[in-house]
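2 protein chains.
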Amino acid sequence: MKKVAVLLSGSGVFDGAEINEAVLTLLHISKRGASYQCFAPDMEQMQVVNHLNGEQTGEKRNVLAEAARIARGNVKPLSELNAAEFDALMLPGGFGVAKNFCDFAENGADMKVNKEVLAIGKAFAEANKPAGYLCIAPVLLPHIYGKGVRVTVGNDKEVAGAIEKMGGIHVECPVDDIVSDDSRLVVTTPAYMLAENLVDAEKGISKLVEKVLYMAA
Amino acid sequence: MKKVAVLLSGSGVFDGAEINEAVLTLLHISKRGASYQCFAPDMEQMQVVNHLNGEQTGEKRNVLAEAARIARGNVKPLSELNAAEFDALMLPGGFGVAKNFCDFAENGADMKVNKEVLAIGKAFAEANKPAGYLCIAPVLLPHIYGKGVRVTVGNDKEVAGAIEKMGGIHVECPVDDIVSDDSRLVVTTPAYMLAENLVDAEKGISKLVEKVLYMAA
Chain A
10 MKKVAVLLSG
20 SGVFDGAEIN
30 EAVLTLLHIS
40 KRGASYQCFA
50 PDMEQMQVVN
60 HLNGEQTGEK
70 RNVLAEAARI
80 ARGNVKPLSE
90 LNAAEFDALM
100 LPGGFGVAKN
110 FCDFAENGAD
120 MKVNKEVLAI
130 GKAFAEANKP
140 AGYLCIAPVL
150 LPHIYGKGVR
160 VTVGNDKEVA
170 GAIEKMGGIH
180 VECPVDDIVS
190 DDSRLVVTTP
200 AYMLAENLVD
210 AEKGISKLVE
220 KVLYMAA
Chain B
10 MKKVAVLLSG
20 SGVFDGAEIN
30 EAVLTLLHIS
40 KRGASYQCFA
50 PDMEQMQVVN
60 HLNGEQTGEK
70 RNVLAEAARI
80 ARGNVKPLSE
90 LNAAEFDALM
100 LPGGFGVAKN
110 FCDFAENGAD
120 MKVNKEVLAI
130 GKAFAEANKP
140 AGYLCIAPVL
150 LPHIYGKGVR
160 VTVGNDKEVA
170 GAIEKMGGIH
180 VECPVDDIVS
190 DDSRLVVTTP
200 AYMLAENLVD
210 AEKGISKLVE
220 KVLYMAA
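Residue numbers (this note's numbering), protein chains in the order written: chain A, 10 to 226; chain B, 10 to 226.
Printed below as a string of structure tokens:
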């Protein structure tokens, strides 16, 4: 049975992992007969956003503890993730990626990636193990795979421009499809960068999971 | 297009709505060509539970604001739900139902139902509009539909016993199936009362959504 490590950046689109993307990723991993383990960094969220009105609340929440809401408690600290024990890596999107996994939300193309997240992404890349990055998560990829990595975030000109500035190649892609960099074994899909409903998001996510598991040894 | 009102009790299985059940319910409503609007009561959660270790944190969170994490902000206060504008009602489970929608978690069969939730449940029942209740949510049904309502929570003897004590009829049911009270137009499925994975949960939830939409005028 193929084993997938899934990285969660919290729980909730505006300050954490996009919940629908996370659940659909886990659902399709299971549907294809693979297993998964969720991981998240044991760190404070950059901010907490009231999802009703979009305003910061001033609360403090922990990324790992919030990610546990999606995973029904079954999430491990990212420090315990050993790439050697898994066949593939997947990262759902949400602003948590742009706020907790890196500082893209604040610094755009001048962003830095969280050291733990960067190390894990590179560990899978260097081991030639495939990875799937959803939604906004592809902003991490020029830092992980280096110049020339082919990715999509859909058709958002600002985010695509930042990816190109960081050395990536952005490929436009509809919500129900994927972009695959076959030489680097990394697959991306726009998900809620474009999705207007769960059915559209599911199509692209299902294809991403299928392709990543196909690439997994 | 059939319209479904979906009631969320927060975001996270141990103090709010079960996230997987909520997303799968919304997914299958969409897949069957119906539309939905999420609602939640604008009230403080009974408690906040750290989903990593199961302990109460002492924080205060609002059910409506947390539900907005699942609904990407698109959730309305339960006070704005008018049953006349919808064809069906659905309630995912999670401890939020037993802690925020009623006090079953504390008082078992002596529980009381939140007045707003009770009124909405009864409004759909009295209008002969179908409803689907997942997981632990069927504990509400003897209060909403009165004695003799046929429901399932799977095979949990304690919860089933409490439902019978309150006047309901509990029917054992596997995770991938539903129990339908055809005279009252109310459908139940065990979901995470029994589910050990997303694929099993999805089977029952898919059947519940199909049956409720079929019953909807």
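The C-beta atom is built at its ideal place from N, Cα and C for all residues, glycine as well.
Fair warning: this is a prediction, and the values are worked out from it, not measured in the lab.
Which residue marks the beginning of the alpha helix (DSSP H) containing Met224/A, and which one marks its end?
Leu207 to Met224
Three-way DSSP call (helix, strand, coil) for Leu87/B in this model:
helix
Check each residue of the segment 12–39 of chain A: if its Cβ is closer than 7 angstroms to any Cβ of chain B, include it; give the result in chain order.
Ser20, Gly21, Val22, Ile28, Asn29, Val32, Leu35, Leu36 and Ser39
Could you give the uninterrupted runs of the beta strand (DSSP E) lying entirely in the segment 92–178 of chain B, keeping only those of 3 residues or more?
97–100 and 140–143
Beta strand (DSSP E) runs wholly inside the segment 23–71 of chain B, at least 3 long, in chain order:
44–49
Just the Cα atoms here: how many angstroms apart are Ala77/B and Leu194/A?
35 angstroms
If we ignore side chains and look at the alpha-carbon of each, how far apart do Cys111/B and Val122/B end up?
4 angstroms
Grab the span of the beta strand (DSSP E) containing Asp190/A for me, first residue to last.
Val188 to Asp190
Decide if Ser44/A is buried, meaning its Cβ has at least 16 other Cβ atoms within 10 Å, or exposed.
exposed
For Val160/A and Ala31/B, the rounded distance between their alpha carbons:
31 angstroms
What is the DSSP secondary structure of Ala76/A, reduced to helix, strand or coil?
helix
Reduced DSSP secondary structure (H/G/I, E/B, other) of Ala204/B
coil
In terms of alpha-carbon separation, which member of Phe95/A, His179/A and Leu149/A lies closest to Asn109/A?
Leu149/A
Once DSSP output is grouped into helix, strand and coil, what is the label at Leu16/B?
strand
Mind reading off the beta-carbon distance from Thr198/A to Gly176/A? Whole number of angstroms is fine, and I expect it under 8 angstroms.
The pair is not a contact, with the Cβ atoms about 21 angstroms apart (cut-off 8 angstroms).
If you drop the 5 nearest sequence neighbours on each side, which residues of the same chain put their C-beta closer than 6 angstroms to that of Leu203/B?
Gly163 and Val184
Please report the straight-line C-alpha distance between Gly67/A and Gln54/A, rounded to a whole angstrom.
11 angstroms
Does the Cβ-Cβ distance between Val158/A and Asp186/A come in under 8 angstroms?
no
In the structure shown, what three-state DSSP assignment does Val196/A receive?
strand
Out of curiosity, what's the CA-to-CA distance linking Ile79/B and Ser20/B?
7 angstroms
Burial state of Ser192/B, where buried means 16 or more other Cβ atoms lie within 10 Å
exposed
What in chain A is Cβ-close to His179/B, meaning under 9 angstroms?
Here the premise fails: no neighbours, minimum Cβ distance about 24 angstroms.
Are any of the Cβ atoms in chain B nearer than 8 angstroms to that of Ala77/A?
yes
Apply the 10 Å Cβ neighbour rule to Asn62/A and answer buried if 16 or more other Cβ atoms are within range, or exposed otherwise.
exposed
Nearest to Gly103/B by alpha carbon, out of Phe23/B, Glu173/B, Leu35/B and Leu36/B?
Phe23/B
Kindly list, in the order they appear in chain B, the residues whose Cβ is closer than 9 angstroms to that of His152/A.
None at all; the shortest Cβ gap to chain B is about 27 angstroms.
For Lys41/B, which residues in the same chain have their Cβ closer than 7 angstroms to its Cβ, ignoring the five residues on either side in sequence?
The identity of residue 41/B in the sequence shown is Arg, whereas the question assumes Lys. Here the set comprises Val218, Glu219 and Leu222.
If we cut at 8 angstroms on Cβ distances, does Ala43/A have a partner in chain B?
no
CA-to-CA distance, Ser18/B to Ala118/A, given in whole angstroms
39 angstroms
If the cut is a Cβ gap below 7 angstroms, which residues of chain B does Arg81/A touch?
Val22
Residues near Ala225/A by beta carbon distance below 6 angstroms, same chain, minus five either side:
Lys11, Asp96, Ala97 and Pro139
Should Ala74/B be labelled buried (16 or more other beta-carbon atoms within 10 Å of its own) or exposed?
buried
Can you name the residues of chain A whose CB is closer than 8 angstroms to the CB of Asn2/B?
Look at the range of chain B in this structure, 10 to 226, and you will see that residue 2/B is not part of it.
Kindly say whether Glu211/B, judged by its beta-carbon, lies nearer than 8 angstroms to any beta-carbon of chain A.
yes
Excluding five sequence neighbours on each side, which residues of the same chain lie with their C-beta closer than 6 angstroms to the C-beta of Val196/B?
Gly141, Ile187, Ser189, Leu217, Lys220 and Val221
Neighbour list for Asn59/A in chain B, Cβ cutoff strictly below 9 angstroms
Asn71, Ala74 and Ala77
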